[in-house]
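Residues in the first sequence are numbered consecutively from 0, following numbering that gives the first Met the number 0.
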Amino acid sequence: MRVATWNVNSIRSRLDRVLDWVARSGVDVLAMQETKVKDEAFPHEAFGALGYEVATFGFSQWNGVAIASRVGLGDVVRTFPGQPAWGDPPAVEARALGATCGGVRVWSLYVPNGREIADPHYEYKLAWLAALRQAAGDWLHDEPTAKIALVGDWNIAPLDTDVWDPAFFAGRTHVTPAERDAFAAIADAGFTEVSRAHLPGEHVYTYWDYQQLRFPRNEGMRIDLTYASPALAAAVTGVTIERNERKGAQPSDHVPVVLQVDVP
DNA sequence: ATGGTGGAAAGTCCA
Numbered sequence: 000m001r002v003a004t005w006n007v008n009s010i011r012s013r014l015d016r017v018l019d020w021v022a023r024s025g026v027d028v029l030a031m032q033e034t035k036v037k038d039e040a041f042p043h044e045a046f047g048a049l050g051y052e053v054a055t056f057g058f059s060q061w062n063g064v065a066i067a068s069r070v071g072l073g074d075v076v077r078t079f080p081g082q083p084a085w086g087d088p089p090a091v092e093a094r095a096l097g098a099t100c101g102g103v104r105v106w107s108l109y110v111p112n113g114r115e116i117a118d119p120h121y122e123y124k125l126a127w128l129a130a131l132r133q134a135a136g137d138w139l140h141d142e143p144t145a146k147i148a149l150v151g152d153w154n155i156a157p158l159d160t161d162v163w164d165p166a167f168f169a170g171r172t173h174v175t176p177a178e179r180d181a182f183a184a185i186a187d188a189g190f191t192e193v194s195r196a197h198l199p200g201e202h203v204y205t206y207w208d209y210q211q212l213r214f215p216r217n218e219g220m221r222i223d224l225t226y227a228s229p230a231l232a233a234a235v236t237g238v239t240i241e242r243n244e245r246k247g248a249q250p251s252d253h254v255p256v257v258l259q260v261d262v263p
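What follows is the structure in structure tokens.
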């Protein structure tokens with residue numbers, strides 16, 4: 000079974016490219032982030048024509064997550080327990096969606112960006128990650144043999160070699176010790192980030208900004224990552240980063256990351 | 001080749 004994650008940066012503006020890739024890649028499950036569409040406007044029919052059901056969670060033009068599956072879509076849950084709120088009035092955002100697909104509990108996650116270190120959004124990001132660590136630890140505690148995948152756009156580069164120029168990011172978000180500690184805390188809860196073991200190279204990126212020729216210059220970041228529970232980590236036999244999906248007309252600024260999972 | 005920001009409740013905010 001193949002499980003993919005992709006920050007699509009608007010499913011409506013990206014629909015043809017996403018469907019084309021889904022058909023070519025033959026993934027069984029696709030977790031999407033930044034769908035930027037409310038639930039009632041999501042293009043379910045287009046996915047249905049390819050044999051995929053889709054669970055969606057979106058309120059507005061911001062954020063939005065979805066999971067498309069052709070191997071079942073059960074126990075759909077919107078938001079994780081304890082997920083912090085944001086805004087005025089405070090509201091829980093559309094950044095986390097869980098569903099069980101082919102025996103794997105998939106969570107499509109869009110971690111808050113953080114904006115600037117001095118911005119309240121940065122503290123929101125850290126609180127969001129701390130709450131996720133608690134929830135994920137509880138899931139594993141309740142069912143130690145569960146196959147759980149925490150996939151998505153983490154908006155954190157765990158290593159200096161996950162960005163094109165550490166000096167550029169000095170004083171900016173995505174690389175601070177507090178963010179990296181919050182990311183590492185998911186591992187303390189019993190999960191393993193599985194993409195690096197399969198793709199250990201340095202300067203292997205999943206995102207390139209639209210500005211400043213970042214992609215032609217290969218100036219990117221590795222921020223789309225996958226934490227797996229022990230049972231799932233043992234079943235992952237390969238990971239690919241679909242770099243070609245950053246090329247051509249009207250790409251997302253992120254590319255898909257695909258897990259090959261050896262499930263019975 | 002992969003090309004000089006893009007998306008959206010737009011005229012500003014978010015990334």
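C-beta: ideal position from N, C-alpha, C; glycine also.
Where the alpha helix (DSSP H) containing Glu178 begins and where it ends: Reading the first sequence from its first residue, position 179 is the one you call residue 178. Unbroken alpha helix (DSSP H) run through Glu178: Pro176 to Asp187.
Cα-Cα separation, Gly97 to Arg77: In the first sequence, the residue the question calls residue 97 occupies position 98. In the first sequence, the residue the question calls residue 77 occupies position 78. So the two alpha carbons sit approximately 7 Å from each other.
Beta-carbon proximity of Tyr109 to Arg132, cut-off 8 Å: What you label residue 109 is simply residue 110 of the first sequence in a count that begins at 1. What you label residue 132 is simply residue 133 of the first sequence in a count that begins at 1. In this structure, Arg132 does not lie closer than 8 Å to Tyr109 by Cβ.
CA nearest to the CA of Glu241, picked from Ala234, Leu231, Asp223 and Ala227: Position 242 of the first sequence holds residue 241. Taking only the C-alpha atoms, the option nearest Glu241 is Asp223.
Burial state of Asp152, where buried means 16 or more other Cβ atoms lie within 10 Å: Counting from 1 along the first sequence, the entry for residue 152 is found at position 153. By the neighbour-count rule (16 or more Cβ atoms within 10 Å), Asp152 is buried.
Residues of its chain near Val103, where Cβ-Cβ distance is below 8 Å and the 5 sequence neighbours each way are ignored: The residue you call residue 103 lines up with position 104 of the first sequence. Only Met0, Val2, Val28, Lys146, Ile147, Ala148, Leu231, Val260 and Val262 meet the Cβ criterion.
Cβ neighbour criterion (16 or more within 10 Å) applied to Trp61: Against the first sequence, residue 61 aligns to sequence position 62. It counts as exposed.
Helix, strand or coil at Trp163 [DSSP, three-state]: Reading the first sequence from its first residue, position 164 is the one you call residue 163. Note: Trp163 maps to coil in three-state DSSP.
Beta-carbon proximity of Gly219 to Tyr209, cut-off 8 Å: The residue you call residue 219 lines up with position 220 of the first sequence. The residue you call residue 209 lines up with position 210 of the first sequence. Not closer than 8 Å, so no.
Whole-number beta carbon distance between Ala45 and Leu72, since they are thought to touch under 8 Å: Indexing the first sequence from 1 puts residue 72 at position 73. Indexing the first sequence from 1 puts residue 45 at position 46. Not really, about 16 Å apart at Cβ, beyond 8 Å.
Cβ neighbours of Tyr226 in the same chain (closer than 6 Å, five flanking residues each side left out): Within the first sequence, the letter at position 227 stands for residue 226. Once the five neighbours on either side are set aside, the close Cβ partners of Tyr226 are Leu149, Ile185, Phe190 and Glu192.
DSSP beta-bridge partners of Phe56: In the first sequence, counting from the first residue as 1, residue 56 sits at position 57. According to DSSP, which records beta bridges pairwise, Phe56 is partnered with Val64.
Nearest-angstrom Cα separation, counted from Gly86 out to Val257: To locate residue 257, count along the first sequence from 1; it is residue 258. To locate residue 86, count along the first sequence from 1; it is residue 87. Those two C-alpha atoms are separated by around 33 Å.
beta-carbon Thr55 near the ligand MG non-hydrogen atom, thresh 7 Å: As far as ligands go, the structure on display features none, and thus does not contain the ligand MG.
For Thr4, the residue or residues it bridges with in DSSP: Indexing the first sequence from 1 puts residue 4 at position 5. Thr4 is bridged to Ala30 and Val256.
Environment of Asn154 [buried if 16+ CB atoms lie within 10 Å]: Numbered from 1 along the first sequence, position 155 holds the residue referred to as residue 154. Buried, since its Cβ has 16 or more Cβ neighbours within 10 Å.
Ala156 in three-state terms, based on DSSP: For the purposes of this step, residue 156 is taken as the residue at position 157 of the first sequence. Residue state, collapsed to three classes: coil.
Residue environment, Ser59, which counts as buried when at least 16 other CB atoms sit within 10 Å: Taking the first sequence and counting its residues from 1, one reaches residue 59 at position 60. Classification of Ser59: exposed, given that the 10 Å Cβ count is below 16.
Inter-residue CB distance, Ser107 and Val64 (contact presumed, cutoff 8 Å): Translated into positions along the first sequence, residue 107 becomes position 108. Translated into positions along the first sequence, residue 64 becomes position 65. At roughly 4 Å, the Cβ-Cβ gap stays under 8 Å, so Ser107 and Val64 are in contact.
Local conformation of Trp20 per DSSP, three classes: Locating residue 20 in the first sequence gives position 21, where the first residue counts as 1. It is helical.
Distance between beta carbons of Ile66 and Thr34, contact taken as under 8 Å: As a first step, residue 34 is located in the first sequence; it is residue number 35 there, counting from the start. As a first step, residue 66 is located in the first sequence; it is residue number 67 there, counting from the start. Incorrect: roughly 11 Å between the Cβ atoms, too far for contact.
Supposed close pair Ala156, Gln82 - CB separation, criterion 8 Å: As a position in the first sequence, residue 156 is number 157, starting the count at 1. As a position in the first sequence, residue 82 is number 83, starting the count at 1. 23 Å between Cβ atoms; not a contact.
Where the beta strand (DSSP E) containing Ala233 begins and where it ends: As a working mapping, residue 233 is identified with position 234 in the first sequence. Run containing Ala233: none; DSSP gives neither H nor E here.
From Val53, Glu178, Thr99 and Ala54, residue whose alpha carbon lies closest to that of Gly112: Residue mapping note: residue 112 aligns to position 113 of the first sequence, counting from 1. First, the amino acid is wrong: residue 112 is Asn here, not Gly. Comparing Cα-Cα distances from Asn112 to each of Val53, Glu178, Thr99 and Ala54, the minimum goes to Glu178.
Beta-carbon gap between Asp252 and Trp207 smaller than 8 Å: Here residue 252 is taken as the residue at index 253 of the first sequence, counted from 1. Here residue 207 is taken as the residue at index 208 of the first sequence, counted from 1. Yes, they are a contact pair.
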